[in-house]
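Protein chains in written order, with my numbering: chain A, 3 to 134; chain B, 478 to 871. Remarks on the structure that follows.
Structural data, given as structure tokens:
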């Protein structure tokens, strides 16, 4: 049994995000100066040149913007999981993230409401989404 | 519009899709020599080199030495499959500025021989990157990335699988007229080589819903070269030049609440068509990067051939075939779907557009005067590049 590929470190922009997942917290950023929602995580604000993105906790609820069902993959872990669903989730706080949607592929649809769930690993947890 | 400063004067597409032991660099050099011959020029005439580093890292150090040229301009812009449209834009600008007279673009790849599964993953771990770290755990393939766009296009605009399939049907029809494409399909192991129907496309297996196998480009070996020259050089060569009338380049990273069905082609196309003083309905030949059917459908809309959301009906009914009225002829060489896709197809868009404007294509549109070559690089669902080149017959 091969393991799920995980984020690679050191990578200072995304390390705080992944550290928070160990506590089952889904985090995003908001600029302290202009209020722009920032995702993926960054040290600088892409909306203005003054601000610093501050970390916030998301409620982990959102809507499926789009999705696909992966039916062929060359990497052993994913090859063992097909078919599985990957989608873009529009979180209620205003950011969009790519994630696995842990559901029967035939039961997933665009604009579906989903909520975060967690797949635990030794030092972090991988957020996935399930239909509400 | 001012008189164009630069034209494509030499082209060559490597004729095989399975190269039998040649290296990518060897393919590039052979194509460069043939393209220079096609333009009536030699190595010593080249003063600008463009390279996407697909055959070796940081190729700015090495490519000129390998080819044996002494450039005044070096440009290693690398934006995936659209690199060659960016290169053509930059070459036209350098020539217009008087910095160069003869620009050489080359491409070579042995993706098929190396059995690179470009669309379905399994690559070695990359260096840590912020965006990559947010996506790596989820196993999204390249095909899946484009499938995200297709699914949203269907949900938002009512686009149907049948409409997307028509694009693959049209490009296969064009490929069947191209002997190198037919031979190439056989050489890379494709059986039952013939024209296909919408039912054939929808009956092929799903790779990443809603995209089927026959909606995905092939994986071939191959390469090509393009020689772009100043108007002064063009005046002294025997062949008919394809003038560069307009160029545009743009990047797209549809994060936040952006509309995934609208690509960076909106911006690159507006720039290129505006500079050329040309409208989409005047275009005879549309060479649009067909990595997948959805790539073409979205870009046809974004370049202005159809309104956003109406690309499906526009692609239906065979309108994009070389012998049908009502729309441009699409990917008349057979495209990446059915002729040649070694990983970064952009150079072939320039080559086939030039063939059409010379009257030398295998699915020739009689009297073709205007062509657009639009390269799409990267991954349409997450981050991509768009390069648009408008070409006119000399």
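Ideal Cβ positions, reconstructed from N, Cα and C, are used throughout, including at glycine.
{"Asked": "Whole-angstrom distance between residue 705 of chain B and residue 785 of chain B, CA atom to CA atom", "Found": "34 angstroms"}
{"Asked": "Closer than 8 angstroms to chain E by CB, residue 786 of chain B", "Found": "The chain inventory of the structure shown lacks chain E, comprising the protein chains A and B."}
{"Asked": "Residues, ordered as in the chain, of the stretch 60-76 of chain A that lie near chain B by beta-carbon distance below 9 angstroms", "Found": "67, 68, 69, 70, 71, 72, 73, 74, 75, 76"}
{"Asked": "Short Cβ contact (8 angstroms threshold) for residue 692 of chain B with residue 645 of chain B", "Found": "yes"}
{"Asked": "Selection from A:128, A:36, A:134 that minimises the alpha carbon distance to residue 100 of chain A", "Found": "A:128"}
{"Asked": "Delimiting residues of the beta strand (DSSP E) encompassing residue 648 of chain B", "Found": "Counting along the chain, residue 648 of chain B falls outside any beta strand (DSSP E), though it belongs to the alpha helix (DSSP H) covering 638-652."}
{"Asked": "Close beta carbons around residue 486 of chain B, own chain, < 6 angstroms, minus the five adjacent residues each side", "Found": "516, 704, 706, 711, 714, 718"}
{"Asked": "Three-state secondary structure (DSSP) of residue 537 of chain B", "Found": "helix"}
{"Asked": "Among B:593, B:629, B:776, B:740, the one whose alpha carbon lies nearest that of residue 89 of chain A", "Found": "B:629"}
{"Asked": "Contacts around residue 727 of chain B, its chain only, beta-carbon distance under 6 angstroms, and the 5 residues preceding and following it disregarded", "Found": "741, 744, 745, 863"}
{"Asked": "Backbone secondary structure at residue 621 of chain B - three-state DSSP", "Found": "helix"}
{"Asked": "Residue-level contact to chain A via CB, residue 592 of chain B, 8 angstroms cutoff", "Found": "no"}
{"Asked": "Sheet register partners of residue 132 of chain A (DSSP bridge)", "Found": "A:117"}
{"Asked": "Distance CB(residue 808 of chain B)-CB(residue 636 of chain B) smaller than 8 angstroms", "Found": "no"}
{"Asked": "As assigned by DSSP and simplified to three states, the class of residue 738 of chain B", "Found": "coil"}
{"Asked": "Beta-carbon neighbours of residue 115 of chain A, restricted to chain B and to distances below 7 angstroms", "Found": "Neighbours of residue 115 of chain A on chain B: none; closest Cβ ~15 angstroms, over 7 angstroms."}
{"Asked": "Any alpha helix (DSSP H) of 4 or more consecutive residues that is wholly inside the stretch 524-604 of chain B", "Found": "540-544, 560-573"}
{"Asked": "Contact set for residue 639 of chain B: own chain, Cβ-Cβ below 6 angstroms, skip 5 residues either direction", "Found": "675"}
{"Asked": "Length at least 3, wholly inside the stretch 37-70 of chain A: the beta strand (DSSP E) runs in chain order", "Found": "55-60"}
{"Asked": "Whole-angstrom distance between residue 528 of chain B and residue 852 of chain B, CA atom to CA atom", "Found": "15 angstroms"}
{"Asked": "Separation of residue 60 of chain A from residue 661 of chain B, as counted between CA atoms", "Found": "52 angstroms"}
{"Asked": "Min CB distance residue 44 of chain A to chain B below 8 angstroms", "Found": "yes"}
{"Asked": "Residue 3 of chain A classed as buried or exposed, judged by whether at least 16 other C-beta atoms fall within 10 angstroms", "Found": "Low per-residue confidence applies at residue 3 of chain A: pLDDT is 49, beneath 50, and the placement is therefore not dependable enough to give any value."}
{"Asked": "Residue 92 of chain A, enclosing beta strand (DSSP E) - first and last residue", "Found": "86-93"}
{"Asked": "Cβ-based burial, residue 666 of chain B [other Cβ within 10 Å; buried from 16]", "Found": "exposed"}
{"Asked": "Chain B contact for residue 2 of chain A (CB, 8 angstroms cutoff)", "Found": "Here chain A covers residues 3 to 134 and nothing more, so residue 2 of chain A does not appear."}
{"Asked": "Cβ-based burial, residue 819 of chain B [other Cβ within 10 Å; buried from 16]", "Found": "buried"}
{"Asked": "Cβ contact (3+ pairs, closer than 8 angstroms) linking the stretch 52-72 of chain A and the stretch 565-584 of chain B", "Found": "no"}
{"Asked": "Test: residue 29 of chain A CB closer than 8 angstroms to a CB of chain B", "Found": "no"}
{"Asked": "Cα-Cα separation between residue 673 of chain B and residue 650 of chain B, rounded to whole angstroms", "Found": "7 angstroms"}
{"Asked": "C-beta contact flag for residue 132 of chain A and residue 65 of chain A at 8 angstroms", "Found": "no"}
{"Asked": "Chain-ordered chain A contacts of residue 684 of chain B [CB-CB under 8 angstroms]", "Found": "73, 74"}
{"Asked": "Three-state secondary structure assigned by DSSP to residue 519 of chain B", "Found": "coil"}
{"Asked": "Residue 586 of chain B beta carbon less than 8 angstroms from that of residue 764 of chain B", "Found": "no"}
{"Asked": "Beta-carbon proximity check, residue 98 of chain A vs residue 84 of chain A, cutoff 8 angstroms", "Found": "no"}
{"Asked": "Neighbour list for residue 534 of chain B in chain A, Cβ cutoff strictly below 8 angstroms", "Found": "Within 8 angstroms Cβ-Cβ: nothing; residue 534 of chain B doesn't reach chain A, min ~19 angstroms."}
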